[in-house]
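Chains as they are written, first to last, in the numbering used here: chain U, 1 to 334; chain R, 1 to 568. One structure below.
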């Protein structure tokens with residue numbers, strides 16, 4: 001197992017190297033540049049030239065990439081051209097917000113999606129199965145930003161059950177020590193703050209959960225259907241085990257493997273895919289930060305943020321692979 | 001099995017915790033929490049907590065170093081300059097100086113300073129503090145001489161004590177020469193040449209006076225140049241300790257979440273409103289800002305999209321406040337194209353376009369037709385400019401006089417609304433149809449606003465383009481001087497006569513003579529017709545209905561100290 005993990009980790013290095021190069025060239029291929037983005041109507045050609053000199057952007061690309069790479073290797077992701085703050089600091093400060101939103105969304109997706117898929121498979125081609133099929137189609141095809149606006153309109157503005165923006169009541173004095181606000185509220189032992197944070201979490205998490213929920217439900221359903229056809233299930237039934245026990249021990253447990261894969265991959269995707277949800281709900285995470293950085297052509301933030309996202313996806317995938325060994329004793333890593 | 005799942009979850013949780021731990025942000029966050037608590041105490045005592053939705057975080061809370069609207073808005077609440085503007089106008093009023101007097105040739109101004117004013121850190125405001133600020137700006141070196149760092153100092157004063165041509169070859173002799181402490185409450189600013197726009201320029205937020213002690217203590221000018229030659233500030237003045245004399249003082253700034261200010265109990269001036277805690281919350285998405293206002297999470301926001309005007313107007317819980325027009329939208333002509341270098345062709349375009357229909361159709365009732373490159377609120381506006389009324393017949397004649405078919409690359413920006421251009425595509429389509437009607441051939445182009453479109457315009461890549469300008473100060477130089485004082489690729493012409501006239505008018509110190517000069521220049525410009533100004537528009541802010549006392553200003557110098565909320 002350990003050599004396997006070491007090998008997989010070693011593979012991360014070339015992946016990151018290639019990504020860093022692609023991202024580096026990609027952000028510079030965007031039309032315009034940070035000078036015009038920052039100065040707007042006020043950017044004269046002289047101002048642009050002066051800006052690029054000051055930011056070291058007038059050097060040849062290979063020289064820029066060389067120093068970028070050296071800096072990254074020493075843990076320095078550069079400085080934001082807009083805020084002039086170190087990228088790594090801003091990144092670490094915002095990442096907990098994205099993780100919190102992702103975990104909440106994946107929790108909803110699993111808690112609803114897995115039972116839904118399982119029951120749909122058990123009632124194969126029944127009305128519930130059909131309904132879940134249609135429902136997941138809608139879930140997959142609904143644009144997230146529109147769903148976000150719609151959820152806010154109905155549940156925040158019309159019904160006034162939830163807030164529309166941000167992560168907590170900003171007029172309160174929550175100590176955002178870890179920036180995992182649920183954790184912060186628990187640490188502070190503040191029930192009201194916890195309720196407030198959870199209320200802020202509901203709508204964005206639901207909006208973000210729709211697509212993974214639909215995918216998880218469909219995968220669970222398909223996996224369960226496969227297993228239901230297996231000989232050992234028939235055998236278990238034939239030897240007189242109760243239905244519930246067969247379902248739990250033989251069907252559900254064996255259907256779980258593909259589901260875990262999907263949950264893991266979806267978690268990786270959500271961590272990096274909360275971009276629209278974060279923007280619509282003013283959720284102060286890495287996604288909305290990168291979106292803003294695009295409009296400011298903030299090269300350092302784009303490079304650092306995307307590189308970080310790639311690292312997260314690679315690591316989550318590795319964790320998913322490792323988890324196979326726990327779930328399926330037949331799999332051995334070499 | 002269950003145990004293994006739990007173990008997996010634990011690993012995930014540890015990973016997450018590890019990610020949040022680093023970065024040394026822990027200390028600042030803890031401080032911020034404690035500070036926020038202090039702000040809330042004031043809120044509980046008396047007055048309202050007021051949340052205003054902004055479009056972005058400020059860049060930094062140091063007036064000398066910013067040019068973006070959100071930084072200026074926040075700095076305006078905490079800082080004051082020697083002079084200011086009367087609420088809702090561009091008329092200069094006493095600020096931290098009660099009166100001022102130029103010397104005979106207009107090269108020195110002596111200011112009498114307000115007595116008994118203290119900075120938020122308790123330090124006294126006096127002549128020495130004024131000189132310390134001016135000398136700080138004048139002596140900026142290295143990266144501080146970049147146009148993105150000190151745009152307004154460079155625009156108004158033109159240079160530094162020692163210009164660094166490596167950083168910015170564009171700098172010239174500084175208008176500022178020196179600052180003399182005449183007494184505790186009397187100070188003289190010496191200039192290298194007379195300038196009529198000096199006093200109005202001092203009303204800019206960029207020239208507000210900061211506590212010299214705080215600037216020093218929190219390293220406002222400290223930083224290091226990294227390996228790439230990029231200046232990285234290391235001080236905490238502009239992020240954690242901005243210290244002015246204004247009606248609100250800084251409490252905490254959590255980037256991306258909130259900027260908290262509280263009422264300054266020692267404020268020297270009037271504070272007619274009832275806000276004790278003022279919070280700026282960044283909500284980047286426009287639709288999200290409107291929804292936050294509708295739900296009551298924020299009490300107001302700026303830059304309401306024109307499509308949302310009717311929503312806010314029609315909701316009796318909300319109100320729409322119009323800001324006086326201080327902008328101009330124009331159709332730019334690039335005379336690098338030989339056809340456009342011909343006056344007949346430019347006049348043909350002007351007569352071909354139905355500006356009234358455009359303003360009526362696409363400005364949601366917020367626009368007026370522009371006849372020149374500056375709004376009527378600014379002195380020097382002329383009623384005698386040629387107006388080029390809508391006359392397609394005349395346009396055809398003029399085009400016939402040119403004698404050759406004219407094909408033009410005409411561009412508009414996408415993904416954007418500007419205050420002066422609420423619906424670029426609609427305006428573009430109307431203009432294209434007007435131009436094709438009289439016989440022009442148009443190649444339609446578009447690009448995302450920033451930086452693509454702006455970059456293409458500024459490097460002269462389009463023949464015709466839609467653009468505009470929002471003024472910073474109530475001075476004509478800020479409009480026509482910006483556009484036409486030097487040759488620019490976007491206009492593609494060289495008109496030494498016009499450049500000279502603008503240089504002269506800028507230097508004129510007699511107010512009446514200056515007004516007359518700009519009136520003439522406006523006629524001159526519209527006869528030369530470098531582009532077609534077509535609209536001035538009034539941007540709008542949205543507020544909850546119970547908010548009173550917010551006075552929209554043409555230059556967005558707006559004070560929350562006069563605002564009452566909560567129906568008080």
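Even for Gly, the Cβ is constructed at its ideal location relative to N, Cα and C.
Any C-beta of chain R under 8 Å from that of residue i
{"i": "residue 149 of chain U", "result": "yes"}
{"i": "residue 339 of chain U", "result": "What is shown of chain U runs 1 to 334, which leaves residue 339 of chain U out entirely."}
{"i": "residue 196 of chain U", "result": "no"}
{"i": "residue 166 of chain U", "result": "yes"}
{"i": "residue 5 of chain U", "result": "no"}
{"i": "residue 157 of chain U", "result": "yes"}
{"i": "residue 171 of chain U", "result": "yes"}
{"i": "residue 298 of chain U", "result": "no"}
{"i": "residue 19 of chain U", "result": "no"}
{"i": "residue 335 of chain U", "result": "No statement about residue 335 of chain U is possible, as the shown extent of chain U runs from 1 to 334 and does not include it."}
{"i": "residue 239 of chain U", "result": "no"}
{"i": "residue 79 of chain U", "result": "yes"}
Distance cut-off 7 Å: residue i Cβ against heavy atoms of the ligand SAH
{"i": "residue 140 of chain U", "result": "The ligand SAH is not among the ligands present in this structure, which contains no ligands whatsoever."}
Helix, strand or coil at residue i [DSSP, three-state]
{"i": "residue 372 of chain R", "result": "coil"}
{"i": "residue 268 of chain U", "result": "helix"}
{"i": "residue 142 of chain U", "result": "coil"}
{"i": "residue 200 of chain U", "result": "helix"}
{"i": "residue 106 of chain U", "result": "helix"}
{"i": "residue 333 of chain R", "result": "strand"}
{"i": "residue 45 of chain R", "result": "The pLDDT assigned to residue 45 of chain R is 49, lower than 50, so where the model puts this residue is not dependable, and the model offers no usable value."}
{"i": "residue 120 of chain R", "result": "coil"}
{"i": "residue 190 of chain R", "result": "strand"}
{"i": "residue 319 of chain U", "result": "helix"}
{"i": "residue 67 of chain U", "result": "helix"}
{"i": "residue 351 of chain R", "result": "helix"}
{"i": "residue 535 of chain R", "result": "strand"}
{"i": "residue 458 of chain R", "result": "helix"}
{"i": "residue 253 of chain R", "result": "strand"}
Interface flag, residue i vs chain U, CB-CB below 8 Å
{"i": "residue 148 of chain R", "result": "yes"}
{"i": "residue 224 of chain R", "result": "no"}
{"i": "residue 258 of chain R", "result": "yes"}
{"i": "residue 473 of chain R", "result": "no"}
{"i": "residue 312 of chain R", "result": "no"}
{"i": "residue 233 of chain R", "result": "yes"}
{"i": "residue 14 of chain R", "result": "With a pLDDT of 41 at residue 14 of chain R, under the threshold of 50, the modelled position of that residue is not reliable, and no figure is offered here."}
{"i": "residue 414 of chain R", "result": "no"}
{"i": "residue 516 of chain R", "result": "no"}
{"i": "residue 570 of chain R", "result": "Outside the shown range of chain R, which is 1 to 568, sits residue 570 of chain R, and nothing can be said about it."}
{"i": "residue 89 of chain R", "result": "no"}
{"i": "residue 463 of chain R", "result": "no"}
{"i": "residue 284 of chain R", "result": "yes"}
Residues near residue i in its chain [Cβ-Cβ closer than 7 Å; skip 5 each side]
{"i": "residue 166 of chain U", "result": "200 and 282"}
{"i": "residue 250 of chain U", "result": "232, 233 and 236"}
{"i": "residue 110 of chain U", "result": "216 and 263"}
{"i": "residue 391 of chain R", "result": "351"}
Of the residues the options, the one placed nearest residue i, counting alpha carbons only
{"i": "residue 99 of chain R", "options": "R:110, R:91 and R:512", "result": "R:110"}
{"i": "residue 158 of chain R", "options": "R:92, R:431, R:185 and R:191", "result": "R:191"}
{"i": "residue 490 of chain R", "options": "R:62, R:333 and R:299", "result": "R:333"}
{"i": "residue 113 of chain U", "options": "U:132, U:99, U:101 and U:97", "result": "U:132"}
{"i": "residue 470 of chain R", "options": "R:539, R:528 and R:75", "result": "R:539"}
{"i": "residue 374 of chain R", "options": "R:365, R:521, R:87 and R:327", "result": "R:327"}
{"i": "residue 77 of chain R", "options": "R:59, R:240 and R:247", "result": "R:247"}
Which residues DSSP lists as bridging residue i, in chain order
{"i": "residue 125 of chain U", "result": "None; residue 125 of chain U has no bridge partner."}
{"i": "residue 317 of chain R", "result": "Per DSSP, none; premise fails for residue 317 of chain R."}
Cβ-based neighbour list, residue i, same chain, cut-off 8 Å, excluding 5 preceding and 5 following
{"i": "residue 147 of chain U", "result": "207 and 210"}
{"i": "residue 84 of chain R", "result": "92, 93, 94, 95, 203 and 557"}
Cβ neighbours of residue i in the same chain (closer than 6 Å, five flanking residues each side left out)
{"i": "residue 197 of chain U", "result": "168, 181, 182 and 185"}
{"i": "residue 12 of chain U", "result": "314"}
{"i": "residue 272 of chain R", "result": "562"}
{"i": "residue 369 of chain R", "result": "355, 356 and 359"}
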